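See below for the structure under consideration.
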Amino acid sequence: MSNNLDWLNGLAEGQADFDAAIRQLDSKFSGVSNFLAWRETVLMAQSKYPSDMPGVSAPPLYVAHRWLQLAEAGCLDVRVDPARGLIVEEKLGDDSARLGPSSEVIRNQISKLIFKKLNELPDGRMLQIYELAHAFQTATKKRLADYQQELEEVIEDLSEKSYIQHRTRGLGGMILFCKGIDFDVWQDEIMSTRSRPAAAPSPSPSPSPSPIPAPAAPASHTYIFHAPVASVQTGANAVAHVQQTADQSQFAELKSALEAVLAELAKSNLPADEREDVRELVRTTITEVEKEKPNKLTVRTMLGGIATTVQTLGSSSDAYKVFKAAAAVVGVTLP
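Here's what the structure looks like:
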């Protein structure tokens with residue numbers, strides 16, 4: 001019982017620190033947006049930052065503090081887009097060095113990004129030029145449009161090798177990419193380069209007799225189960241270490257409640273833009289809940305944002321009742 005109280009007290013303190021950081025951001029960029037928009041933007045952005053770094057127990061708080069530090073250094077670009085809302089991007093700043101890389105480096109970067117993006121796409125999806133441009137700017141902090149010649153050279157080279165196919169469509173000249181017939185050859189080349197072994201050392205002029213090899217140790221495997229298991233047969237001379245994941249049933253219940261909220265929001269009378277913002281926050285929360293080890297503080301922070309909207313659905317709503325019971329598991333109490 002005391003452990004549960006300590007955990008809830010820790011969550012409350014973390015929530016207060018998080019809200020304080022959000023207020024500082026809102027004050028730092030006064031007039032740009034508001035507290036709720038900053039809060040939601042930080043929660044949405046946490047997926048872009050690793051949550052397993054040393055000392056990072058609460059990703060939302062880490063992101064908020066990181067942005068405050070970058071803002072003080074003049075390295076945070078904040079603006080409001082009419083369609084996308086509040087946009088926050090990390091920048092090097094106006095006083096950063098601007099020594100441009102060579103054309104060969106740029107071509108290699110473009111080629112690697114085309115491979116990476118095409119390799120990630122599911123069957124039936126094409127890569128659009130704006131997706132490549134966004135990935136290029138994210139990776140290099142430079143505009144792909146400034147390297148049109150290098151882009152055309154890379155496209156021509158990859159097309160001649162049948163690694164990719166491309167077409168230009170529409171009045172705006174939208175370029176579309178898809179895998180070529182020899183994309184698998186390109187994939188093999190990339191993988192072989194990454195896994196190329198180091199050169200073997202020169203043989204000794206007088207090698208000593210080879211020792212008799214010791215018996216092979218039993219194989220060791222690690223399996224992760226999300227439900228109770230009895231025993232696992234992994235084969236002869238094999239040892240299996242079973243790791244049971246705790247609290248999965250609680251998070252499964254919470255996921256079902258969030259899905260019910262999504263369905264309820266679809267038929268609610270909320271304004272379209274507000275409804276879509278909340279739906280996106282619910283989907284982000286579901287993604288966190290589905291992780292092998294969900295961060296409870298992150299989940300609780302997100303639920304706090306969802307709870308305000310869910311209450312407007314009415315206490316008689318089925319989604320409200322399910323959400324209220326599930327949210328209580330992680331310390332969010334609704335009236």
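For the sequence shown, counting from 1, position 97 maps to 97 in full-length UniProt numbering; every step adds exactly one. Idealized CB from N, CA, C, for every residue including glycine. Everything numeric in this text was worked out from a predicted model, so none of it was measured.
Check: Buried or exposed: where does GLY180 fall if 16 or more other Cβ atoms within 10 Å of its Cβ makes it buried?
Finding: buried
Next item on the list: Check the C-beta distance from VAL32 over to VAL105 and give it rounded, since I have them as a contact under 8 Å.
Entry: Incorrect: roughly 36 Å between the Cβ atoms, too far for contact.
Check: In terms of alpha-carbon separation, which member of ILE164, TYR163, GLN109, SER159 lies closest to GLN137?
Finding: GLN109
Next item on the list: Please report how far the alpha carbon of PRO59 lies from the alpha carbon of CYS75, in whole angstroms.
Entry: 20 Å
Check: Going by alpha carbons, who is nearest to THR287 out of ARG23, PHE29, GLN46?
Finding: GLN46
Item checked: C-alpha distance - LYS324 paired with TRP186, whole-angstrom precision -> 52 Å
Next item on the list: Taking GLN165 as part of the beta strand (DSSP E), name the residues at either end of that continuous run.
Entry: 164–169
Notebook entry, point to check: Closest by CA to GLU264, which one among LYS255, ASP273, ARG279?
Noted result: ARG279
Note to self: Closest to GLU131 by C-alpha separation, out of ILE155, ASP123, MET174, would be which residue?
What the structure shows: MET174
Checklist line | Collapsed DSSP secondary structure at PHE35 in the structure displayed | finding: helix
Item checked: Beta-carbon spacing of GLY64, VAL80 below 9 Å -> Going by the sequence as given, residue 64 is Ala instead of Gly. No, the pair does not count as a contact, with Cβ atoms beyond the cut-off.
Margin query: If you measure between the beta carbons of GLN24 and LEU86, is that distance less than 9 Å?
Written below: no
Note to self: Rounded to whole angstroms, what is the Cα-Cα separation between THR309 and GLY124?
What the structure shows: 37 Å
Checklist line | Residue span of the alpha helix (DSSP H) that contains ASP157, given as start and end | finding: 148–160
Notebook entry, point to check: Going by alpha carbons, who is nearest to GLU152 out of LYS321, THR168, ALA328, GLY304?
Noted result: THR168
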